Amino acid sequence: MNNEELKTKITELLPSAIFDETGEWLNINVEPGDWLSFAGKLRNEESLFFDYLFCLTCIDWKTHLTMVYHLSSTKFRHNIVVKSTLDSNKPEIETVSHIWQTANFHEREVYEMFGVNFLNHPDLRLLILPDGWEGKNPMLKNFEDPINMIKL
Amino acid sequence: MIIEMVIAGIAVIGLFAALGLVLVIMERRVAAWIQIRLGPNRVGPKGMLQSLADTVKLLVKEGMTPNGADKFLFNFAPFIAMMVAMLLMAPIAFAKDFQLWDMNIGVLYITAISSIMVISILMAGWASNNKYSLMGAMRSGAQIVSYELSAGLSILTIVVFTGSLNITDIITAQADGWWIFKGHIPVIISFVIFIIAVTAETNRAPFDLAEAESELTAGFHTEYSGMKFALFFLAEYINVFIVCAIGATLFLGGWMPFHIGHWEAFNQVMDYIPSSIWFFGKTFFLIFVIMWFRWTFPRLRIDQLLNLEWKYLLPISMFNLLLATAMAILGWHF
Amino acid sequence: MFIVKYIKEVLSAIRSLLVGMRRTGYYFTHHKEIITEQYPDNRNTLVMADRFKGEVVLTHDENNEHACTGCTACELACPNATIKIVTKFDITPEGKKKKAIDKFVYHLELCTMCNLCIVACPTDAIKMAQTFEHSVYDRSELTKILNKPDSKIRAGIE
Amino acid sequence: MFEEIGTNTEGDLIINVGPQHPATHGVLHLVLTLNGETIKKVEPHLGYIHRSIEKMCESLTYRQFIYVTSRMDYLSAHINNHACAISVEKGMQLEVPERAQVIRVIMDELTRIASHELWWGAMAMDIGAFTPFFHAFREREKINEIMEETCGARLTMNYYVPGGLMADLHPDFQKKVKEFIILFKKKIDEYDELVTGNIIFINRMKGVGLLSKEDAVSFGVTGPAGRGSGVSNDIRKLYPYAVYDKVQFEEILETGCDSLARYMVRIREMKQSILIIEQLIDNIPEGDFQAKTKAVLKLPKGEFYTRVETARGELGVYIVSEGGTTPYRIKFRSPGFSNLSALDKMARGSKLGDLVAMMGTLDLVIPDIDR
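Sequences listed follow chains A, B, C and D, in order.
Be aware that the first sequence starts at 1, since it is given in this note's numbering, and climbs by one per residue.
Be aware that the second sequence starts at 153, since it is given in this note's numbering, and climbs by one per residue.
Be aware that the third sequence starts at 487, since it is given in this note's numbering, and climbs by one per residue.
Be aware that the fourth sequence starts at 645, since it is given in this note's numbering, and climbs by one per residue.
What follows is the structure, encoded as structure tokens:
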């Protein structure tokens, strides 16, 4: 499907979606509350069939956090980017690790690096950082570590 | 009598040391050439003294005992391994009329004593208080116990042909031709099975599950260091030597020279070569084959290892024994 | 038939093992294939590739002159703060002040040999040397001053 | 994290594989729950070599950050650099000269062969055969020599810059690559004799570490590991970059879903890489090796995502730019990280000895996982 067809189809599924076509792929902004049901529809809708989550990450914009999901379909070969803006004081979003299993590890990484709390995640623990790093999120822009970070 | 025993003891210990040095350098050289490397070449001429240097290193290393280990068993296990290796030396005929103890049940004695080896490995694995060691020990327990069966059955083939358990009798029976040549197919099959089974019994690749490096770090001797490790290491090589010596004795005629039927001149030339050279030549050839296996094959998995024994080697060797018995009764061998 | 299949299985298994043993046996007997390089022994005949990135050097000619103007392009290009250029002001014979390097400090211990400084240099003053034996007993020995004592900038380079 | 190590309430044995373990090829830490020899659960603990390359890159300029990515998946350093170079070029809308693109593809494929070569030796060593390791290194050494001659380094070359290459090819490059192709074609059959055909090896790999096609997609398993499960995911074919759309090659797919299939994919892929190099080596166009760029690179505001196929799978480089000289946020979607997440699924119910076979065929490079 090309971007126009995707747009009409997605508007059917989620009327509140906001589109942005500046990038290479179609960008869709969704509310964090809508994400879980929307993700399920993206995965299971026969004509969309986004079965491959190839990138899951987060961006710290200082004022807010943005979750970015890159989705692809191995059947139709179309790609979309789903974004969701989170409140940086209490970043919370539903997990999608039961829809795309790769999200399990990627969400754990985002959890420790950005402090985003994934609701209903089966195993939300530190993956990369050692014990005792809970609450300190190294990838946030305001993170300071005078010992381990070397400023050039 | 006492003096004789002391001399024999010193000779055995001396042989152990010499064999250890020779076999280690041989293994490293074989490995190197197969792996397109040069191998040890720094100590002594062409690196021949490398294993001596290694021994000195191991001697001066601290022998550590882990905190949670069962101290007595941990320190005792390597000695059992060495004792078993020493006991196995007794009935082997190194040359003509050169044997420590020519007992009438030589073959039975060898199979009986060699099964004690597993105790030292189990002891080491258990006493180390290390999970890897324990798993290695358990693996080798299952392995050695099962492979003894087919090793024993293939040895029995020769006993059936010779009609004697005495090592000297077995060798003299091969005066007119080694069993591998005059025993037909059953002996060849049992020789192949014997080589596979003893490779497994001595825990060497492709059956080195007890110390499978990439799975269990070093298996049952993970916690051993210094001289205690060296004893295990030495015992492994001595065991390889002994099983190869037994293989050479049973199948390749021991110290008996190579004779062809009625070629008198040829046979006389062969007789000029000392019997000890015949014995060691055959033994080292078998050792080389076992080393060749090690540097060629991947390792088996534990269930495949037991499958190989119980589904392939054991049925084949049982059937083979039946065939051999029938042939011996009917006198179908040369 | 079961027995035939069983025997075939055993035979093909043995064959596959023998094929492998033939290959290793070939290498065991053909010592010409050995590829070991005896490194410290062949040190004198060892030739490094001419582009090999070993360490950064400041080239000096026979008059003890180099081409570094002290523009700090390399310092800016370096991702690891490997290079630190300390400048001073020389008095030219005409009495004018002229900027020149005092010290070209190079931290070999931080360098990743990425070649970005060489590319950035506008006067080709620095280049990569083909040395590779950098081990020293003390870390401070790895901090080097690349310009030789009393060296000057070559005439005509701005 | 460490209290749980010992035996759990059900009496299962819990052992630590790593961080120092011969089979993990680095500092990977797996906590295994075993019932006898059977694996009940695999739990990776990562981060022993985490350097936060993403954070580092936020303070490096677009010229500087490329070299860091060589340290990520050090076995496909060129391909990582290629991904970053493409991202920057995409952002700046730079036209890369044809010559540079062809050379990049040749270098990428040489890197891929070198990486698979090392994987083959290391995996055979995990399985217990020591000799293949040295035989693999013999051919890999030739590639390293070619790299050393042209790029100046053997492993972390940093040869790609935004807009092209750092230097032109060495005059001997084409001759040496042709020599290598002849040598390699001879030696690849020896690999089959030594390992592929071996009955012990086949038994160790067949039916081990099953990963269905659906799971492979769901876990994001890419590269040869995913193609072993029949997922068509070769970025070189699906979203061609550089000159991959102009060369003929085949995307290798196996349907075995087990370790043997993943093994065969890599072995066959090496031959395809040779095919690509053969097509290009005589047809390197003349011209510049580098596009003209400004001294200071600036990316416009926006987001740039590049997907390339490394030796291990799909590498994604996601650059978020605020218009400055450094990336605002950069994310490396490394193939190893996603591939590793499928290990638990694959390993459950198999034997401890199989774990090394699975880890071997997933081709884990730890810095790639930790970044």
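Glycine included, each C-beta is placed from N, C-alpha and C at the ideal position.
None of the values given here were measured: they were computed from a predicted structure.
Residue ranges of uninterrupted alpha helix (DSSP H) with 4 or more members, entirely inside the stretch 831-889 of chain D and ordered along the chain, are 843-849, 857-862, 867-871, 879-882. The Cβ of Leu-474 (chain B) sits no closer than 7 angstroms to any Cβ of chain C. For the stretch 931-952 of chain D, the set of residues with a beta-carbon nearer than 8 angstroms to any beta-carbon of chain A comprises Gly-946, Glu-947, Phe-948, Tyr-949, Arg-951, in chain order. The count of Cβ pairs closer than 8 angstroms, one atom from the stretch 793-803 of chain D and one from the stretch 532-552 of chain C, reaches three, so the stretches are in contact. Taking a contact to require three or more Cβ pairs closer than 8 angstroms, the stretch 946-960 of chain D and the stretch 723-733 of chain D qualify as touching. Looking at D:Glu-922, D:Ile-963, D:Thr-866, the one whose alpha-carbon comes closest to that of Thr-102 (chain A) is D:Thr-866.
Secondary structure at Arg-977 (chain D): strand, using DSSP grouped into helix, strand and coil.
A distance below 7 angstroms separates the beta carbons of Arg-910 (chain D) and His-760 (chain D). Met-487 (chain C) has a beta carbon lying at 7 angstroms or more from every beta carbon in chain B. When the Cα atoms are used, Gly-772 (chain D) and Tyr-706 (chain D) turn out to be separated by approximately 44 angstroms.
Partner residues in a beta bridge of Leu-474 (chain B), as assigned by DSSP, do not exist. Against chain A, the CB of Ser-862 (chain D) has a partner CB under 7 angstroms away; the residue lies at that interface. Listed as beta-bridge partners of Glu-156 (chain B) by DSSP are no residues whatsoever. In this structure, the CA atom of Ile-257 (chain B) is about 14 angstroms from the CA atom of Gln-251 (chain B). When DSSP states are grouped into helix, strand and coil, Phe-343 (chain B) belongs to the helix group. The beta-carbon separation of Ile-612 (chain C) and Val-505 (chain C), rounded to 55 angstroms, does not stay under the 8 angstroms limit for a contact. Assigned with DSSP and collapsed to three states, Phe-38 (chain A) falls in helix. In this structure, DSSP gives Lys-819 (chain D) a helical state, which the three-state scheme calls helix.
With a threshold of 7 angstroms between beta carbons, Ala-768 (chain D) makes no contact with chain C.
In this structure the stretch 980-989 of chain D does not lie against the stretch 61-72 of chain A, because fewer than three pairs of beta carbons, one per stretch, are closer than 8 angstroms.
Within the stretch 307-379 of chain B, the runs of alpha helix (DSSP H) at least 4 residues long that lie entirely inside it are, in chain order, 319-324, 331-334, 336-353, 365-368. The Cβ atoms of Arg-871 (chain D) and Ile-896 (chain D) lie closer than 7 angstroms to each other. Chain order gives the chain C residues near Trp-447 (chain B) as Thr-510, where near means a beta carbon separation below 7 angstroms. With 16 or more other Cβ atoms from the protein chains shown falling within 10 Å of its own Cβ, Asn-318 (chain B) counts as buried. Here Met-149 (chain A) is exposed, its C-beta having fewer than 16 other C-beta atoms within 10 Å.
Taking a cut-off of 8 angstroms for Cβ pairs, the stretch 425-441 of chain B and the stretch 387-406 of chain B touch, as three or more such pairs fall below it. Under DSSP, Val-543 (chain C) forms a beta bridge with C:Lys-613. Going by DSSP, Lys-7 (chain A) is part of no beta strand (DSSP E) but of the alpha helix (DSSP H) stretching over 3-13. Using a Cβ distance threshold of 7 angstroms, Ile-155 (chain B) and Ile-521 (chain C) do not count as a contacting pair.
The beta carbon of Ile-659 (chain D) falls within 7 angstroms of a beta carbon belonging to chain B, placing the residue at that interface.
Chain-ordered listing is empty here: chain D has no CB closer than 8 angstroms to the CB of Leu-36 (chain A), the nearest sitting near 17 angstroms. By the Cβ neighbour-count rule, Ile-787 (chain D) is buried, with 16 or more other Cβ atoms within 10 Å of its own. Shown here, Ala-986 (chain D) sits in coil according to DSSP, grouped into three states, outside any helix or strand.
Annotation: Trp-462 (chain B) has no Cβ neighbours in chain C at a cutoff of 7 angstroms; minimum Cβ distance is about 14 angstroms.
From the listed residues D:His-665, D:Val-671, D:Ala-667, D:Glu-681, the smallest Cα separation to Lys-995 (chain D) is found for D:Glu-681. Distance between Val-605 (chain C) and Met-769 (chain D), taken at the CA atoms: about 41 angstroms.
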